[in-house]
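Okay, so here's the structure we're looking at.
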Amino acid sequence: MSEPTVNFHIQTRLTEFKIPTELIKKNFKAVQKQIEKQKKSIGEDVAKVKKNNKLPTAMKIEMINKLIKSFEIFQKRLRTSINRDEVFRSRIIARLENLSELANYTVKTNVVLESNASPIDSDDNRDESSVTPKSMEDEDRPLDLHNVNLINWYRDQTNLLIIDYLIKSNTRSDQNIGLQLLKSISQTNPKFTKLIDYDLYDNFNKVFVSIIENHDLSLVIAWFNENRSFLKKANSNLEFEINYCKFLSLIEEGDVNEAIKFSQVNLSPYGNKGNYQSQEFMNHESNLNKLKEIGGLLVYMAINEKANAQIDKSIPFSSSLVINSPRFKEYKKLLSNERWDSLSQCFIENFTKLYGISRNYPLFIYLSAGLSSLKTKSCYCNTENTIFKQYEESSESNKNIYKKDLAVLTDKKYRGPNKYYKLLNKINHCPVCSPELYKLSKNLPYAQLITSIFNNPFKLPNGNIYPFDKLLNPSEKYLSEKNTLLRMGKIKDPLTREIFLIDDCVRVYPA
Numbered sequence: 030m031s032e033p034t035v036n037f038h039i040q041t042r043l044t045e046f047k048i049p050t051e052l053i054k055k056n057f058k059a060v061q062k063q064i065e066k067q068k069k070s071i072g073e074d075v076a077k078v079k080k081n082n083k084l085p086t087a088m089k090i091e092m093i094n095k096l097i098k099s100f101e102i103f104q105k106r107l108r109t110s111i112n113r114d115e116v117f118r119s120r121i122i123a124r125l126e127n128l129s130e131l132a133n134y135t136v137k138t139n140v141v142l143e144s145n146a147s148p149i150d151s152d153d154n155r156d157e158s159s160v161t162p163k164s165m166e167d168e169d170r171p172l173d174l175h176n177v178n179l180i181n182w183y184r185d186q187t188n189l190l191i192i193d194y195l196i197k198s199n200t201r202s203d204q205n206i207g208l209q210l211l212k213s214i215s216q217t218n219p220k221f222t223k224l225i226d227y228d229l230y231d232n233f234n235k236v237f238v239s240i241i242e243n244h245d246l247s248l249v250i251a252w253f254n255e256n257r258s259f260l261k262k263a264n265s266n267l268e269f270e271i272n273y274c275k276f277l278s279l280i281e282e283g284d285v286n287e288a289i290k291f292s293q294v295n296l297s298p299y300g301n302k303g304n305y306q307s308q309e310f311m312n313h314e315s316n317l318n319k320l321k322e323i324g325g326l327l328v329y330m331a332i333n334e335k336a337n338a339q340i341d342k343s344i345p346f347s348s349s350l351v352i353n354s355p356r357f358k359e360y361k362k363l364l365s366n367e368r369w370d371s372l373s374q375c376f377i378e379n380f381t382k383l384y385g386i387s388r389n390y391p392l393f394i395y396l397s398a399g400l401s402s403l404k405t406k407s408c409y410c411n412t413e414n415t416i417f418k419q420y421e422e423s424s425e426s427n428k429n430i431y432k433k434d435l436a437v438l439t440d441k442k443y444r445g446p447n448k449y450y451k452l453l454n455k456i457n458h459c460p461v462c463s464p465e466l467y468k469l470s471k472n473l474p475y476a477q478l479i480t481s482i483f484n485n486p487f488k489l490p491n492g493n494i495y496p497f498d499k500l501l502n503p504s505e506k507y508l509s510e511k512n513t514l515l516r517m518g519k520i521k522d523p524l525t526r527e528i529f530l531i532d533d534c535v536r537v538y539p540a
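Under the numbering used here, the first residue of the sequence shown is numbered 30, with each subsequent residue one higher.
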């Protein structure tokens, strides 16, 4: 069945329940640790009071008061954890209720059958094995796409996808436009805040921006320490990437002595294969290759500083050979932004693995599914469409290039193959051919796998389909009439002789 059903939406939204579930587990483990820690601390303090019988009464009372205060602090922390657990559970309930609404928007196909059922088909005479539970029947029914409430439901889901994308893809450290949009929509629809894990995504985005934009390691180190136990079980290489970036930052700042001490403590153990498990041998090879380049990097820094100091003087021939060697340029590459890209990708990989979610934006996944159903072999065929050509490198500034790209994106004449649309005085609004979605759709499969027998078929309002060339070039018998009709913006059906406006014709893609 091609029509969407309740089951279809349940399957596609299973990931929405993974994050709250993982957060509940994580919070529960944290509560267990708090209880064990508090239990151990109180037991030790009570033992001290009982053991020292010679302690003055005032001191014993003071120690007991400290125990009471520490227990009160523990109760507050416990209450905070309980409230957090209730929030996570309320999100699961809200998302379940959101999906349950779809049962009210299905096509009612069995109403007539039930009313016309014969007395023979009573409950007593019906075979119990052939009876399908009502809940299962509702889930398998197609959704009524003409239902206004269902359209509003889809609109809400689209808003959630956009908010999800904006929160995750934010590149500003001062504000997040996705959170602002969520706050604006939640004023009229408060349930929105429970249908998306905005706080977790915001934390993810802050860590990512701190790495890729600010080159700051404090947030990713805090996130690593918070999830250390899971990352260790998952054989994560994040700790090495953090220490590696820290070492290169110290080198870049000129603090060579501190960098050497740091590498001896935090990087040297990664060169020993005995410190890795059998599943981590691939990490060992890549880490070892990076460690081998560290010693040469120190030599590079020394030669580079010497060369910079002698800009106005002649550089020794040996130093000149080293500076111009390909290997020297490789060391220079180590201090580029590639290390931050590597760290950010490692963080994304571990984050998505922790919560069992996709690395791709859900918005892109849904768009890809829709675009692949529309993509045909006629897409991207216009040689006049400059958006699909690679721009040649020029001496223009980035600002001018940006303006050039922006003009192409907003100009409708650059959209899609317009060969036949020009004859119709129309513009191709195909989303697959649009500049905005070109990069996303160019690697998607085609929906039309079998070539149609018609050449560029067009559908007339009466349902008949003809090749476009046949409509414009009929037999010689109707040639004069054709010219008259075309001037009026009309065409004639070759079989029924009906006349229609060209604007009412629709391009079709039979498969």
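Ideal placement from N, C-alpha and C gives every residue a C-beta, glycine not left out.
Counting only the same chain and skipping the five closest in sequence on each side, list residues whose C-beta sits under 7 angstroms from that of residue i.
| i | result |
| --- | --- |
| L514 | I520, K521 and I528 |
| F380 | F233 |
| Y384 | K47, I48 and E51 |
| L530 | G518 and K519 |
| E309 | N264 |
| P391 | L190 and D193 |
| A288 | F276, L279 and I280 |
Report all residues from its chain with a CB closer than 8 angstroms to the CB of residue i; omit the five preceding and five following residues, and keep chain order.
| i | result |
| --- | --- |
| K235 | S202 and L248 |
| N56 | S110, R113, D114 and F117 |
| S387 | T44, T381 and I394 |
| I214 | N188, I192 and F221 |
| V140 | The predicted model places V140 with a pLDDT of 44, which falls under 50 and marks its position as unreliable; any figure quoted below should be read in that light. There are no such residues. |
| I71 | L96, S99 and F100 |
| K77 | M92 |
| Q40 | none |
| A59 | S110 |
| E378 | R388 |
Out of the options, which one is the CA nearest neighbour of residue i?
| i | options | result |
| --- | --- | --- |
| Q293 | N272, V461 and R368 | N272 |
| E65 | I214, E45 and L107 | L107 |
| T200 | I240, V78 and M311 | I240 |
| S371 | T135, N389 and N316 | N316 |
| D498 | F259, R516 and R536 | R536 |
| L326 | R124, E359 and N502 | E359 |
| N266 | P523, R526, S373 and E130 | S373 |
| N94 | K80, N81, D74 and L195 | D74 |
| Q104 | K83, N301 and Q67 | Q67 |
| I323 | K361, K79 and N312 | K361 |
List the residues that DSSP assigns as beta-bridge partners of residue i.
| i | result |
| --- | --- |
| R536 | F487 |
| L530 | K519 |
| I494 | K488 |
| T405 | Beta-bridge pairing links T405 to no other residue. |
| L172 | T135 |
| T34 | P171 |
Going by the CB atoms, is the gap between residue j and residue i shorter than 8 angstroms?
| i | j | result |
| --- | --- | --- |
| H38 | L128 | yes |
| C462 | C534 | no |
| Y299 | L320 | yes |
| L364 | L466 | no |
| C459 | R368 | no |
| A2 | S397 | Missing from the structure shown is residue 2; the chain here goes from 30 to 540 and no further. |
| S307 | L400 | no |
| L208 | D231 | yes |
| P474 | N484 | no |
| L179 | Y134 | yes |
| E130 | W182 | yes |
| K62 | A123 | no |
| F291 | E268 | no |
| D169 | N36 | yes |
Can you list, in chain order, the residues of its chain with a C-beta nearer than 6 angstroms to that of residue i? Leave out the 5 residues immediately preceding and following it.
| i | result |
| --- | --- |
| S198 | none |
| D532 | none |
| P33 | L172 |
| K137 | none |
| N545 | Given a span of 30 to 540 for the chain in the structure shown, any question on residue 545 remains unanswerable. |
Relative to the ligand GTP, is the shortest distance from any of its heavy atoms to the C-beta of residue i smaller than 7 angstroms?
| i | result |
| --- | --- |
| A76 | Ligands are entirely absent from the displayed structure, and the ligand GTP is therefore not among its contents. |
Unbroken stretches of the alpha helix (DSSP H), 4 residues or longer, contained in the region 67-131 = The region 67-131 contains these whole alpha helix (DSSP H) runs: 86-129.
request  = Let me know the beta strand (DSSP E) ranges lying completely inside the region 233-306, each 3 residues or longer, listed in chain order.
outcome  = none
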